[in-house]
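Protein sequence lines, in the order shown, are assigned to chains A and B.
With the working numbering, letter number 40 in the first sequence gets 40, and the count goes up by one each step, no holes.
With the working numbering, letter number 74 in the second sequence gets 1074, and the count goes up by one each step, no holes.
From the three backbone atoms N, C-alpha and C, an ideal C-beta is built for every residue, glycine too.
Since the structure is predicted, the reported quantities are computational estimates derived from the model, not experimental observations.
Notes follow once the structure below has been shown.
2 protein chains.
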Amino acid sequence: MALDHAILVSLLEKPGSGYELARRFERSIGYFWTATHQQIYRVLKRMEGDGWVDVRDVPQHGRPDKKEYSVADAGRAALSAWLAAPIEPESVRHDLAVKIRGAAFDDPAALVGEVERHRQVHTDRLAHYLAGEARDFGEPPAEGGPSAADGPLDAERELQHVVLRGGIAYERMMIVWLDDVLATLGRFETAR
Amino acid sequence: MALDHAILVSLLEKPGSGYELARRFERSIGYFWTATHQQIYRVLKRMEGDGWVDVRDVPQHGRPDKKEYSVADAGRAALSAWLAAPIEPESVRHDLAVKIRGAAFDDPAALVGEVERHRQVHTDRLAHYLAGEARDFGEPPAEGGPSAADGPLDAERELQHVVLRGGIAYERMMIVWLDDVLATLGRFETAR
DNA sequence: GGTTGCTATGCAACGAGGTGCATAGCAGGA
DNA sequence: TCCTGCTATGCACCTCGTTGCATAGCAACC
Chain A
1 MALDHAILVS LLEKPGSGYE LARRFERSIG YFWTATHQQI YRVLKRMEGD
51 GWVDVRDVPQ HGRPDKKEYS VADAGRAALS AWLAAPIEPE SVRHDLAVKI
101 RGAAFDDPAA LVGEVERHRQ VHTDRLAHYL AGEARDFGEP PAEGGPSAAD
151 GPLDAERELQ HVVLRGGIAY ERMMIVWLDD VLATLGRFET AR
Chain B
1001 MALDHAILVS LLEKPGSGYE LARRFERSIG YFWTATHQQI YRVLKRMEGD
1051 GWVDVRDVPQ HGRPDKKEYS VADAGRAALS AWLAAPIEPE SVRHDLAVKI
1101 RGAAFDDPAA LVGEVERHRQ VHTDRLAHYL AGEARDFGEP PAEGGPSAAD
1151 GPLDAERELQ HVVLRGGIAY ERMMIVWLDD VLATLGRFET AR
């Protein structure tokens, strides 16, 4: 179960409350790991009991107090152990692929709208990622390529960037494939 | 919940027992939808109760009898209804992405072996897909492109093929991205 | 002045998914 | 001869994930 570890990583990148974590999972992290606020509160409570995270009550003006969580030593150790252990390549759940194969026993052309809708979602996400990349990682320094003069490598930043590049590659692939799907479905539409 | 529908699609493609379904989910279907035999037996029992599938006892020699399931009218109707309803783009769970971002707070170089292992899995899957594509979908007819002379379009076959092409595109993308990850991790290794 | 919406946390219940284990006959190898 | 492994189905249990609901103060809008 990696939700624990996803939360730990997020808290290491920046401490925050359950509510703030939930919003991060909606935004950036949510693109490769989803979680509702319920799960997050539950896991935070458990990790607090296990001494993996520390809590600090933060009074706020004009809004309810929040509990700011940060990673304790035991949490860091647990994360290290998890990082060192091999994980199985993730199990996949592609509803749309099931639908496409199922369409053979129904009306293939009726699926066109649904596929176009998914394509739109992926185009939007791609635009979102590219905007985030331009904002957070900007242009490369150029001028003779990377050198020691660029300062020490920032692992956190570099690794966030490579994960984002993965998201970009994924969305681009999906768009190309969904176009392929639309072309395939279109052949049936014209065939009748 | 799409496991019901994944099973219905599989049974429409070819009736079979729970055991056979479980093996299909390990092989071809399992690449875009995983399920254990436990889930499958449970769902089959429920669908039988709901009249979605028909059962037929098939005695076998030298091995236990099996129950062969096939899709009933009610099941077909349920599938049609599901196909017509919009689904949300699937929620993702990329353990490896969590690990990569988490590596910033540990030893990035220690992740190289794990990433290489995943890369190997994806190369193997790609080879498996390509072999399956060559076997089941062979070479295009060529000679003037597709024409009415190729016979009526086989929806089942065409749609299975486009899903398989999606799997191939996914594996290719993953391999390219994992090489990117390895290059990124390598920069830290040499940087220390 | 009432409604809507945001921050912030949490309980209760349900459904989905996964692990371990059990049964049971037959085949094949050590 | 024993052990392993395959076909075939299933129970019990536990965890994970999701939905609905509740509370509660403040801000903004109509």
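According to DSSP, residue pairing for residue 93 of chain A in a beta bridge involves B:1033. Under the DSSP assignment, residue 1020 of chain B falls in the alpha helix (DSSP H) whose first and last residues are 1018 to 1026. When DSSP states are grouped into helix, strand and coil, residue 157 of chain A belongs to the helix group. Straight-line spacing of the CA atoms in residue 1126 of chain B and residue 60 of chain A works out to 53 Å. With 16 or more neighbouring CB atoms inside 10 Å of its own CB, residue 173 of chain A falls in the buried class. Residues of chain A with a Cβ closer than 9 Å to the Cβ of residue 1108 of chain B are, in chain order, 155, 158, 159. Under the DSSP assignment, residue 1050 of chain B falls outside any alpha helix (DSSP H); it carries neither an H nor an E label. Exclusion of the five residues before and after residue 1096 of chain B leaves 1118 as the residues of its chain whose Cβ lies within less than 7 Å of its Cβ. Under the Cβ distance rule, residue 173 of chain A counts among the residues neighbouring chain B, one pair being separated by less than 8 Å. The beta carbon of residue 180 of chain A sits closer than 8 Å to some beta carbon of chain B. In this structure, A:16 is the residue among A:164, A:16, A:132 with its C-alpha nearest to the C-alpha of residue 65 of chain A. Here the alpha carbon of residue 58 of chain A sits roughly 13 Å from the alpha carbon of residue 19 of chain A. Beyond the five residues adjoining it in sequence on each side, residue 1043 of chain B comes within less than 7 Å, by CB distance, of 1003, 1004, 1007 in the same chain, given in chain order. Taking a cut-off of 8 Å on C-beta distances, the stretch 169 to 187 of chain A touches the stretch 105 to 114 of chain A, as three or more cross pairs fall below it. Taking a beta-carbon distance threshold of 8 Å, residue 25 of chain A does not count as an interface residue toward chain B. The Cβ of residue 57 of chain A sits no closer than 8 Å to any Cβ of chain B. The three-state reading of DSSP puts residue 68 of chain A in strand, counting E and B together. Chain B places no beta carbon closer than 8 Å to that of residue 61 of chain A, leaving this residue out of the contacts.
The shortest CA-to-CA distance from residue 1154 of chain B to any of A:105, A:29, A:67 is the one to A:105. Within 10 angstroms of the beta-carbon of residue 1047 of chain B lie 16 or more other beta-carbons, which makes it buried.
The C-beta of residue 91 of chain A has fewer than 16 other C-beta atoms within 10 Å across all chains shown, which makes the residue exposed.
In this chain, the alpha helix (DSSP H) harbouring residue 1113 of chain B covers 1112 to 1137. Residue 168 of chain A is not a Cβ neighbour of residue 139 of chain A, given a cutoff of 8 Å. A distance of 8 Å or more separates the beta carbons of residue 1079 of chain B and residue 1129 of chain B. At least 8 Å separates the beta-carbon of residue 1182 of chain B from that of residue 1088 of chain B. Of the residues B:1083, B:1084, B:1072, B:1093, the one whose Cα lies closest to the Cα of residue 1052 of chain B is B:1072.
Under the Cβ distance rule, residue 52 of chain A does not count among the residues neighbouring chain B, no pair being separated by less than 8 Å.
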